[in-house]
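Structure first, commentary second.
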Amino acid sequence: MTLPDYTGLTLKEKEELRQRTELRPPVRFPEFTKPWCTARVEDVFDKITAGKHILVADTKSKPDNEYCYPTYSSQTKNYGIVGYYNQHLFENAVVWTNTGYAGVTKFIPDKFFAMSTCGVLLSDKGYCNTCVAESINKMTKLYVTVGVQPKLMAHRMAKVMFSYPEEFEEQQKISKLFEDVDKQIRALEERIRLYEKIKLGLFQRLIPKFNYLSVHEKFPLMRFKGFTHEWTWHKLSDLVEVVSGGTPNTKVAEYYGGNINWFTPTEIGDRTYVYSSKRKLTEAGYKSCAAKMLPAGTILFSSRASVGKVAILANASTTTQSFENFIPKEDKVSTYYIYTLIPVIREQALREGRGTTFNAVIKAQVKNFEVPLTTPEEQEKITELTSKVDRMLDLLKDQLDLTRTLRKGLVQQMLC
1441 MTLPDYTGLT LKEKEELRQR TELRPPVRFP EFTKPWCTAR VEDVFDKITA GKHILVADTK
1501 SKPDNEYCYP TYSSQTKNYG IVGYYNQHLF ENAVVWTNTG YAGVTKFIPD KFFAMSTCGV
1561 LLSDKGYCNT CVAESINKMT KLYVTVGVQP KLMAHRMAKV MFSYPEEFEE QQKISKLFED
1621 VDKQIRALEE RIRLYEKIKL GLFQRLIPKF NYLSVHEKFP LMRFKGFTHE WTWHKLSDLV
1681 EVVSGGTPNT KVAEYYGGNI NWFTPTEIGD RTYVYSSKRK LTEAGYKSCA AKMLPAGTIL
1741 FSSRASVGKV AILANASTTT QSFENFIPKE DKVSTYYIYT LIPVIREQAL REGRGTTFNA
1801 VIKAQVKNFE VPLTTPEEQE KITELTSKVD RMLDLLKDQL DLTRTLRKGL VQQMLC
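The numbering used here runs 1440 ahead of the 1-based position in the sequence shown.
Here you go:
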């Protein structure tokens, strides 16, 4: 079963097509065969209401015995939770964001407090569940009013037309499937946060501290057995060649669409290595600008706007002018050792770039950043450990991406 094609239709035409079509999802549990029901939110739920206004300052960032009720707003981070409050308004309800990131709809089974930027759907008939919430969420974007601040107020939510399984058993099975996937996503997110803390902790213990406007530490807090000597501090340019990126004239179409990798800051920072850029240069484009061909093993370091985003090149590539890139001097340091020192470099870049028009640092500044150096033997011991943590982080992020993709597929294939 394929769903109707709504391409190019007005909202009214989409609603009419949905109403006259006998809908079944393309993928469903085999024991269910009945067509799905189509209705408006106001005809399914007993009450459409909203949260109350409180200040975020009135909540606590972490729950305790008194402030134990999650407080939801229209923010997207932390699943919409802005803090914890000492009273609750609802339980077992469907919630949607009515302002800002308007239309995001989800089911919350536990007691909670909702701020005024949230609307709430209540049902005494059992329609408050994940399956129904996801079915509504699939449709809300069609009803959001566009303006300076997108909105989906209660009177608009009431008119949202959606389709859902008539049988509660099917609703329950679909709900459990989504909830199991969501648990896996949250578990992966928590493991990523844990390994990021481990990575930061290793850096703070294994690398001597950089002290702004003061004498830098010469000994790390923790060392591998057999190493007792002082570390030394050097200009970054003593250990790497700093190479700037470049950008061809964006108005010349012939400069783009070739096979030369050309990375932008938006493409890096989430994984240790980068392999292929989204946009590529032609040979003419490459020759027309200041971009240099960087060898594999070069560390890309964004120096404008999003200062401090970083990745290691897996293949020879170029970058935009928004980078200062580091080619390690192999007789002194390894690629991964410099990559491990990025927090020291980033701290200095953020200090130097603060207050500039575009939050940027230039090549001359970067070359003078100070970094600590130890023997090749200790470098190897340190990077052997830090690279294992980075590999685990990359693996967990890959698993998270796959699980999120699976969830999107479930929305498309198991809901009408």
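The beta-carbon is built from N, C-alpha and C at its ideal position, and this holds for glycine as well.
Annotation note: the stretch 1639 to 1712 contains the following uninterrupted alpha helix (DSSP H) runs of length 4 or greater, listed N- to C-terminal: 1676 to 1679. The DSSP-derived three-state label of Y1509 is strand.
Taking the CA atoms as reference points, Y1695 sits about 34 Å from L1842.
At a Cβ-Cβ threshold of 9 Å, Y1779 and I1739 count as neighbours. For I1767, the uninterrupted beta strand (DSSP E) run begins and ends at 1764 to 1768, by DSSP. In this chain, the beta strand (DSSP E) harbouring V1811 covers 1810 to 1813. Under the DSSP assignment, A1533 falls in the beta strand (DSSP E) whose first and last residues are 1533 to 1537. Secondary structure note for Y1779: its alpha helix (DSSP H) is the uninterrupted segment 1775 to 1780.
The Cβ atoms of G1737 and I1708 do not sit closer than 9 Å to each other. One thing to note: I1638 has its Cβ no nearer than 9 Å to the Cβ of V1784. Within the model, the alpha-carbon separation for E1610 versus G1849 is close to 18 Å. Residue pairing from DSSP places F1552 in a beta bridge opposite F1530.
Considering only S1716, A1554, E1455, V1747, the residue with the shortest C-alpha distance to L1582 is E1455. Taking the C-beta atoms as reference points, C1568 is found no nearer than 9 Å to A1490. By the Cβ-count criterion, A1730 is exposed, with fewer than 16 other Cβ atoms from all chains shown falling within 10 Å of its own Cβ. When C-alpha distances from N1526 are compared across Y1512, R1744, E1506, the shortest belongs to E1506.
With fewer than 16 other beta carbons inside 10 angstroms of its own, L1634 counts as exposed. Of the candidates D1486, P1470, I1548, T1461, the residue whose Cα lies closest to the Cα of C1477 is T1461. Beta-bridge partners assigned by DSSP to L1740: A1751. In this structure, R1480 lies away from M1555, with their beta-carbon atoms at least 9 Å apart. Pairing L1529 with G1540, the inter-Cα distance amounts to about 22 Å.
Cβ contact annotation for T1516 (same chain, cutoff 7 Å, sequence separation greater than five): Y1541, in chain order. Between T1687 and A1751, the C-beta gap is not smaller than 9 Å, which leaves the two residues out of contact. Looking from the CA of A1724, the closest CA among S1742, A1693, G1543 belongs to A1693.
A distance of 9 Å or more separates the beta carbons of V1522 and V1560. W1536 and P1590 have their C-alpha atoms roughly 13 Å apart.
Per the coordinates, the alpha-carbon of V1801 lies some 40 Å from the alpha-carbon of G1543.
When beta bridges are read from the DSSP output, F1602 appears opposite A1479.
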